[in-house]
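Below is one structure, written out as structure tokens, with a few remarks after it.
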Amino acid sequence: MRTLTGFLAISLWVVAQTPAATITKNSLSAGEIDEAIAQLSKITGLEPLKKVQADTITRAGVRKFLEEKIREEIKPEEIRIEELALKRFGLLPAEFDLKSATVDLITEQAAAFYDFRTKKLYLLDGDEVKLPGTGEEFGKAAQKMIVVHELAHALADQHFDLGKYIRRSRSGDSSTARMAVTEGQATWLMMESMLSGVGQSMKSMPGMIDTIGNTAADAMAGQYPVLASAPLYLRTSLIFPYSQGLRFQQAVTLKLGNAGFTQVFKQPPVSSQQILHPEKYFARVEPVKVALPDTPKRWKTINESTVGELEHAVLLEQYLSKKDADELAPAWKGGVLGLAEARDSKDVAMTYASEWESPEMARRFFEAYRAVLKGKWKRFEVARSDKDSFSGTGDTGAFSVQLTGTRVTSMEGFE
Numbered sequence: 046m047r048t049l050t051g052f053l054a055i056s057l058w059v060v061a062q063t064p065a066a067t068i069t070k071n072s073l074s075a076g077e078i079d080e081a082i083a084q085l086s087k088i089t090g091l092e093p094l095k096k097v098q099a100d101t102i103t104r105a106g107v108r109k110f111l112e113e114k115i116r117e118e119i120k121p122e123e124i125r126i127e128e129l130a131l132k133r134f135g136l137l138p139a140e141f142d143l144k145s146a147t148v149d150l151i152t153e154q155a156a157a158f159y160d161f162r163t164k165k166l167y168l169l170d171g172d173e174v175k176l177p178g179t180g181e182e183f184g185k186a187a188q189k190m191i192v193v194h195e196l197a198h199a200l201a202d203q204h205f206d207l208g209k210y211i212r213r214s215r216s217g218d219s220s221t222a223r224m225a226v227t228e229g230q231a232t233w234l235m236m237e238s239m240l241s242g243v244g245q246s247m248k249s250m251p252g253m254i255d256t257i258g259n260t261a262a263d264a265m266a267g268q269y270p271v272l273a274s275a276p277l278y279l280r281t282s283l284i285f286p287y288s289q290g291l292r293f294q295q296a297v298t299l300k301l302g303n304a305g306f307t308q309v310f311k312q313p314p315v316s317s318q319q320i321l322h323p324e325k326y327f328a329r330v331e332p333v334k335v336a337l338p339d340t341p342k343r344w345k346t347i348n349e350s351t352v353g354e355l356e357h358a359v360l361l362e363q364y365l366s367k368k369d370a371d372e373l374a375p376a377w378k379g380g381v382l383g384l385a386e387a388r389d390s391k392d393v394a395m396t397y398a399s400e401w402e403s404p405e406m407a408r409r410f411f412e413a414y415r416a417v418l419k420g421k422w423k424r425f426e427v428a429r430s431d432k433d434s435f436s437g438t439g440d441t442g443a444f445s446v447q448l449t450g451t452r453v454t455s456m457e458g459f460e
């Protein structure tokens, strides 16, 4: 699915993994910024094409920026449809306000950001960038890490136009993958820059990737109370580009060397699955196209979106367990979700289809999806059930789930 969080992330490339530091306009001089850019150039082989301008902004200014971008570039109906799709699939609670929560989340986390439209680096100023959860401040080293992360975005933008790079995504899932490229690479370069100062390298410390990835989510939850209280889907969507993107960049760098810094922009990953499993990126294993079930004549499709391995992993973890998600989600081969509206009443129903790597894994998901429906609805009444199908009534109306070979389909809310 194309996420509102993804749109806001391409409006400003936010540092959301590094602990926020107290930064003032004079914390890093123009010379220090130039020095950091030169170091990034040495690591990546990408020459800076122009100087990066820097300025400060308040946290209130970040919120205003986000709200203005939403008003200017996203239609209210688009937000309504995205929120409805996430709720119907079971990734968001029924009463959740996606727009408000997303602005709150990104505003809370921002320590600095690069605006690819103005080509300017913005640093949060003063006490407002203390950690929301602890009120702690950080020193010059933490400030430099944050700035290096954002300068990595600036350098990539000068060579590959990050705005176009994200907008050329062919689905929400591919947009997620491209976000993981940009944030994962910036995070990798931030860590490499820090390690090079003590004669070390990410290339020779593979264990550090797991350490960072495993501790990032816990650290962020403690530092950011809004994030800690957000639904699993939003927490995962915000952390994924940094944690899994970092692992992806490490795999690409170890295989391709410095060429990997440009390869991921020239030949982008096409799915969250390729980020989660870099070997599928190298082998160019792409998602299969899956057709939705036909809707009754009085209904018209109003939205159709890709549902990737990442969304399936979140769904399974939320309603079953992390173990089920880890075992089953990698067997995903393709997925799509549709919303349909009744022509006479404007009622909304959902269609869904997914493809799995084997009949055995498809059956496992078919059985797991029964638990998903039971978990996401208060009312779950099965009227008919056999080994390949079950149907009944849920919160949104009638439902029917079917297993056919390696494909699972569902129709929910059609009367």
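Just so you know, this note's numbering puts 82 at position 37 of the sequence shown, and the rest follows in order with no gaps.
For each residue, glycine too, the CB sits at the ideal point set by N, CA and C.
### Query
For the putative contact between Met224 and Pro138, defined by C-beta atoms under 8 Å, what is the C-beta separation to the nearest angstrom?
Wrong, their Cβ atoms sit about 24 Å apart, outside the cutoff.
### Query
Where Lys219 and Ala99 are concerned, what is the direct C-alpha to C-alpha distance, given to the nearest angstrom?
Sequence inspection shows Ser at residue 219; the Lys mentioned does not correspond to that position. Rounded to the nearest whole angstrom, the CA to CA distance from Ser219 to Ala99 is 31 Å.
### Task
Quick one: using the 10 Å Cβ neighbour count with 16 as the cut-off for buried, is Val243 buried or exposed?
Result: exposed.
### Message
Just verifying my parser: in three-state terms, what is the DSSP assignment at Val315?
### Response
Here Val315 carries a coil assignment [DSSP, helix/strand/coil].
### Task
Look at the alpha carbon of Ala155 and the alpha carbon of Ile82, and state the distance between them as a whole number of angstroms.
Roughly 21 Å separates the two Cα atoms.
### Query
If you follow the beta strand (DSSP E) that Ile347 is part of, which residue opens it and which one closes it?
It spans Trp344 to Thr351 - the beta strand (DSSP E) in which Ile347 sits, taken as one unbroken run.
#### Entry: Val359 beta carbon less than 8 Å from that of Leu136
In terms of Cβ geometry, Leu136 and Val359 form a close pair [threshold 8 Å].
### Query
Given that a residue counts as buried once 16 or more other Cβ atoms are within 10 Å of its Cβ, and exposed if not, what is Glu118?
Of the residues assessed, Glu118 falls on the exposed side of the cut-off, its CB having fewer than 16 other CB atoms within 10 angstroms.
### Query
Which residue or residues does DSSP assign as beta-bridge partners of Leu448?
For Leu448, which the question treats as bridged, DSSP gives the partners Val453.
### Task
Look at the Cβ atom of Phe411, then the Cβ atom of Val453, and state whether they are nearer than 8 Å.
Cβ distance < 8 Å, so Phe411 and Val453 count as in contact.
### Task
Would you mind giving the Cβ-Cβ distance between Glu400 and Gly379, rounded to the nearest angstrom? I have them listed as a contact below 8 Å.
Contact annotation, Glu400 with Gly379: C-beta distance approximately 4 Å; criterion of less than 8 Å satisfied.
### Query
Between Asn201 and Thr232, is the Cβ-Cβ spacing less than 8 Å?
Correcting the residue identity first, residue 201 is Ala in this sequence and not Asn. No; because the gap between Cβ atoms is not below 8 Å, this pair is not in contact.
### Message
If I measure Cβ to Cβ from Leu461 and keep anything under 6 Å in the same chain, skipping five residues before and after, which residues do I get?
### Response
Because residue 461 is not part of the residues shown, which for the chain are 46 to 460, the question remains open.
### Task
Check whether the Cβ atoms of His357 and Trp377 lie closer than 8 Å to each other.
The answer is yes: Cβ separation under 8 Å.
### Query
Which residues does DSSP pair with Thr438 in a beta bridge?
DSSP, once it has assigned bridges, lists Glu426 and Ala443 as partnering Thr438.
#### Entry: For Asp369, three-class secondary structure by DSSP
Asp369: helix per DSSP, three-state reduction.
### Message
Measuring straight from C-alpha to C-alpha, what distance separates Ala197 and Leu169?
### Response
In this structure, the alpha-carbon of Ala197 lies about 18 Å from that of Leu169.
### Query
Expressed to the nearest angstrom, what Euclidean distance is found between the alpha-carbon atoms of Pro313 and Lys165?
Cα to Cα, the separation comes out at about 25 Å.
### Query
Contact check, Ala157 vs Ile191 under 8 Å by CB: the rounded distance?
Indeed they touch by this definition, with Cβ atoms about 5 Å apart.
### Query
Closest to Thr281 by CA distance: which of Leu361, Arg215 and Lys325 is it?
When only C-alpha atoms are compared, the closest one is Leu361.
### Message
Let me make sure I understand the geometry here. Which of Lys368, Leu448, Arg133 and Glu127 has the alpha-carbon closest to that of Thr147?
### Response
Among Lys368, Leu448, Arg133 and Glu127, the Cα nearest to that of Thr147 is on Glu127.
### Query
From Arg388, Gln363 and Thr451, pick the residue whose C-alpha is nearest to that of Leu341; which is it?
Note that residue 341 is Pro in the sequence shown, not Leu. Nearest to Pro341 by C-alpha distance, out of Arg388, Gln363 and Thr451, is Arg388.
#### Entry: Thr89 and Phe327 closer than 8 Å at C-beta
Their beta carbons are not under 8 Å apart, which means Thr89 does not touch Phe327 by this criterion.
### Task
Quick one: using the 10 Å Cβ neighbour count with 16 as the cut-off for buried, is Thr163 buried or exposed?
Burial call: exposed.
### Task
Under the assumption that Val297 contacts Pro323 (Cβ atoms under 8 Å), give the Cβ distance between them as a whole number of angstroms.
7 Å between Cβ atoms; contact.
### Task
Identify whether Glu402 lies in helix, strand or coil by the three-state DSSP scheme.
DSSP places Glu402 outside both helix and strand once states are collapsed to three, so it counts as coil.
### Query
Looking at C-alpha atoms only, which residue of Pro121, Met239 and Gly252 is the closest neighbour of Gln295?
Out of Pro121, Met239 and Gly252, Gly252 has the C-alpha closest to the C-alpha of Gln295.
### Query
Under the rule that 16 or more other beta-carbon atoms within 10 Å means buried, what is Asp160, buried or exposed?
When all chains shown are included, Asp160 counts as buried.
### Task
Identify, in the order they occur along the chain, each residue of the same chain with its Cβ nearer than 6 Å to the Cβ of Trp422, setting aside the five sequence neighbours on each side.
Excluding residues within five positions, the ones whose Cβ falls inside 6 Å are Gly439 and Asp440.
### Query
From Ser241 to Phe293, what distance separates their C-alpha atoms?
Rounded to whole angstroms, the gap between the alpha carbons of Ser241 and Phe293 is 20 Å.
### Task
Go ahead and pull the three-state DSSP assignment for Gly290.
Gly290: helix per DSSP, three-state reduction.
### Query
Per DSSP, Gly383 forms a beta bridge with which residues?
The secondary-structure analysis by DSSP pairs Gly383 across a beta bridge with Glu349 and Thr396.
### Nearest residue (CA-CA) to Asp152, options Arg329, Leu382 and Arg108
Reading off the sequence, residue 152 comes out as Thr, not Asp. The shortest CA-to-CA distance from Thr152 to any of Arg329, Leu382 and Arg108 is the one to Arg108.
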